[in-house]
Amino acid sequence: MTEPATPLRRAWLWVTAAYLFQSIPAAVRDEALPVALKNSGYADKDITQAVAYLGLIFGFKILLAPLVAAFRPRGFILFSELAISLLLGGLALQVAAEHPSSPAIIACLVLLSFVAAAHDFALDGYFVSALDDRSRAIHSAVLNFASKLGMVLAGPGLIWLAGRIMEYGPQSADAWSWALIAAATLALFAALANALGLRAEPAQVTDGRTVSERFQDMWSGLGALFRDPRLVAVLGLILFYRASEIHMARILPLFATSSTPGGLALGNETYAIMRIATAVLGLALGGIVGSQVVARLGLGRSLLPLGIAMHLPLAAIAWLAADGSHNLWLIGTVFFVEYLAYGAGLCALILAMMKLASGPGAAVRYAALSTFALLANYLPGLWAGHLSDRLGYAHYFLFALSLSIPGVLSAWFAKRHFPDA
540 MTEPATPLRR AWLWVTAAYL FQSIPAAVRD EALPVALKNS GYADKDITQA
590 VAYLGLIFGF KILLAPLVAA FRPRGFILFS ELAISLLLGG LALQVAAEHP
640 SSPAIIACLV LLSFVAAAHD FALDGYFVSA LDDRSRAIHS AVLNFASKLG
690 MVLAGPGLIW LAGRIMEYGP QSADAWSWAL IAAATLALFA ALANALGLRA
740 EPAQVTDGRT VSERFQDMWS GLGALFRDPR LVAVLGLILF YRASEIHMAR
790 ILPLFATSST PGGLALGNET YAIMRIATAV LGLALGGIVG SQVVARLGLG
840 RSLLPLGIAM HLPLAAIAWL AADGSHNLWL IGTVFFVEYL AYGAGLCALI
890 LAMMKLASGP GAAVRYAALS TFALLANYLP GLWAGHLSDR LGYAHYFLFA
940 LSLSIPGVLS AWFAKRHFPD A
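Just remember that our numbering sits 539 ahead of the position in the sequence shown, which is counted from 1.
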């Protein structure tokens, strides 16, 4: 009797769908929420702080590791995706309620962050453990493009949709409610595609250990990570490699839609269309460029040139803020170059983190590294809005550009730790 045929793996499908899904809650929080609050009259410093506090909740995901490990990885990933979709729908209903409840809206956002953190831990751990080094390198461009595509669809895409709806008369709250319903629908479709891709994956079972034993393994994995001689170099990359880009990203949506001196005064629809049009092509090319540079030069020798390229667009964005008289084509070109450069540089950073995390306890190791990355990504929001108010947009972006110096130094230091990667 012949053995039943093993299903053909569709890693490209679940990587695309799962990482597109993973970016939806982050895009709602990082880009759509700031513009929605800006439309409602909140100050920049209040907006960036609110986003930072919500984002820092993701730092708790390392503590969720022993609990998430009690479930089958694929089942937990899909269950959490369903829960996130329902939470987005619930948030839409709260926003459009006749008497919106602020505590209920905040509770939805906080719970959304916690569930998304657990989902991210399970997904990242599955990606690192289910694929070997070669497969991870091959699919890194897919991962990068899918996550950024999701950020575009659930960030600028929702901004455009809300602006379009407001043109027909509905109030801001109703428009954003419909936009959130669209985000929940997109999330459900991504979850279905992810389920289809994961069906062909080899079966994985739970480890059967107690929570206490899994916590012990977590501390053991973290201990091994902290003893790794490459850790300091990778932490330097996490904290500094994209510091200028992170500071820019915290303010860019507010700068683009602000009508105050130095702002671009773009309408919601104009800004969203411009970001979508430039991001899809820019990220696609950026992911391809980054993966090809790493494939040809190796990870170690790629970090420095990709890091330098990632920081350069800040000069053009600072010029946009200082000059104040640019046409849409020029603004779109700057946005495109920024996306392309960031997509290429981020590809190298993700591969460095995964290279360090691979091996026994990969999921915990990668969760610890991504926790540091989350802190580096969201902590600047606590002061970014206040700093941009004090300095003005042009000088703020020049300050962000100055952070490229430690970023380049971190790449120069780290390249020696990945000579053959």
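C-beta atoms are modelled at their ideal positions from N, C-alpha and C, and glycine is treated no differently.
Within its chain, find whatever has a CB closer than 6 Å to the CB of residue i; leave out the 5 residues flanking it on each side and keep chain order.
i	result
tyrosine 905	Asp663, Val667, Ala896
methionine 892	Leu908
leucine 632	none
phenylalanine 957	Leu838, Gly839
alanine 795	Leu803, Leu805, Tyr810
leucine 942	Ala782, Ser783
tryptophan 868	none
Alpha carbon to alpha carbon, what distance is there between residue j and residue i?
i	j	result
tyrosine 810	serine 652	26 Å
alanine 565	methionine 690	7 Å
valine 947	valine 649	35 Å
tryptophan 858	alanine 655	37 Å
glycine 801	asparagine 807	17 Å
proline 543	proline 642	Since pLDDT at proline 543 reaches only 41, below the 50 mark, its modelled position is unreliable, and the value read off the structure follows with that caveat. Proline 543 and proline 642: Cα-Cα distance of roughly 54 Å.
isoleucine 596	proline 919	15 Å
asparagine 578	glutamine 588	16 Å
arginine 738	histidine 678	18 Å
leucine 572	lysine 954	37 Å
methionine 849	alanine 816	20 Å
glutamate 570	alanine 669	31 Å
glycine 694	isoleucine 777	24 Å
serine 783	leucine 727	34 Å
arginine 568	leucine 921	15 Å
aspartate 756	tyrosine 780	30 Å
methionine 730	aspartate 862	The question names methionine, but residue 730 is alanine in the sequence shown. Spanning the two alpha carbons is a distance of roughly 44 Å.
alanine 818	tyrosine 581	27 Å
alanine 734	glycine 614	9 Å
histidine 934	phenylalanine 610	49 Å
tyrosine 932	serine 751	50 Å
Near residue i, which residues of its chain fall below 7 Å by C-beta distance, leaving aside the five closest residues on each side in sequence?
i	result
glycine 882	Asn683, Lys687, Gly821, Leu822, Gly825, Gly826, Gly829
isoleucine 812	Trp699
alanine 928	Sequence check: residue 928 is aspartate here, not alanine. These residues qualify, in order along the chain: Asp583, Lys584.
phenylalanine 936	Met787, Leu853, Ile856, Ala857, Ala860
asparagine 916	Gly594, Ile785
isoleucine 704	Ala714, Trp717
threonine 545	Because threonine 545 sits at a pLDDT of 42, beneath the cut-off of 50, its placement in the model cannot be relied upon, and the following sentence gives the value as read from the coordinates. Result list for threonine 545: empty, nothing under 7 Å.
serine 674	Ala550
leucine 774	Phe911
aspartate 767	Leu895
As a quick exercise: from the options, pick the residue whose alpha carbon is nearest that of residue i.
i	options	result
tryptophan 553	Phe874, Val773, Pro695, Ile616	Ile616
valine 761	Arg738, Ala657, Val903	Looking at the sequence shown, residue 761 is not valine but leucine. If we check each option's Cα against that of leucine 761, Val903 comes out closest.
valine 574	Gln755, Val819, Ala701	Ala701
arginine 769	Leu908, Arg568, Ala680	Leu908
valine 832	Leu572, Phe728, Gly884	Gly884
isoleucine 765	Val819, Ser797, Phe911	Position check: residue 765 holds phenylalanine in this sequence, whereas isoleucine was assumed. Among Val819, Ser797, Phe911, the Cα nearest to that of phenylalanine 765 belongs to Phe911.
isoleucine 944	Leu853, Asn916, Ala861, Val876	Leu853
alanine 712	Val634, Ile847, Gly696	Val634
phenylalanine 618	Ser640, His658, Leu776, Gly837	His658
alanine 550	Gly696, Glu740, Glu706	Glu740
alanine 646	Phe754, Ala880, Leu627	Leu627
glutamine 710	Ala636, Ala923, Gly696	Ala636
leucine 725	Leu735, Ser751, Gly696	Gly696
proline 877	Tyr932, Leu940, Tyr707	Per the sequence shown, residue 877 should be read as glutamate rather than proline. The residue with the shortest Cα to Cα distance from glutamate 877 is Leu940.
alanine 834	Ala680, Ile563, Tyr592	Ala680
alanine 901	Ile870, Val771, Trp758	Trp758
leucine 576	Ala763, Asn866, Ser797	Ser797
alanine 722	Ile563, Thr872, Gly736, Asn866	Ile563
arginine 814	Phe874, Leu630, Leu913	Phe874
glycine 736	Thr555, Ile847, Val771	Thr555
Go to residue i, then tell me how far its alpha helix (DSSP H) extends in each direction, as first and last residue.
i	result
asparagine 866	Here asparagine 866 belongs to no alpha helix (DSSP H), and DSSP marks it neither H nor E.
threonine 724	711 to 737
serine 624	612 to 634
glutamate 706	695 to 706
phenylalanine 653	641 to 669
arginine 789	782 to 796
lysine 577	572 to 578
leucine 918	No alpha helix (DSSP H) contains leucine 918, which DSSP labels as neither H nor E.
valine 819	807 to 836
glycine 801	Element bounds for glycine 801: n/a, residue is neither H nor E.
alanine 582	Unbroken run through alanine 582: none, as it is neither H nor E.
valine 567	Run containing valine 567: none; DSSP gives neither H nor E here.
proline 945	943 to 953
leucine 776	No alpha helix (DSSP H) holds leucine 776; DSSP gives it neither H nor E.
Please work out which residues of its chain come closer than 8 Å, Cβ to Cβ, to residue i, disregarding the five sequence neighbours upstream and downstream, and give them in chain order.
i	result
leucine 930	Phe938
serine 640	Gln633
glycine 924	Ala582, Asp583, Lys584, Asp585, Ile586, Thr587, Gln588, Arg789, Ile790, Leu793
Validate contact between the stretch 683 to 690 and the stretch 556 to 573 using beta carbons, cut 8 Å, 3 pairs: yes
Does the stretch 941 to 955 come into contact with the stretch 623 to 640, if we say contact requires no fewer than three beta-carbon pairs (one atom in each stretch) closer than 8 Å? no
Can at least three beta-carbon pairs, one atom from the stretch 879 to 893 and one from the stretch 842 to 849, be found at a separation below 8 Å? A contact exists between the stretch 879 to 893 and the stretch 842 to 849.
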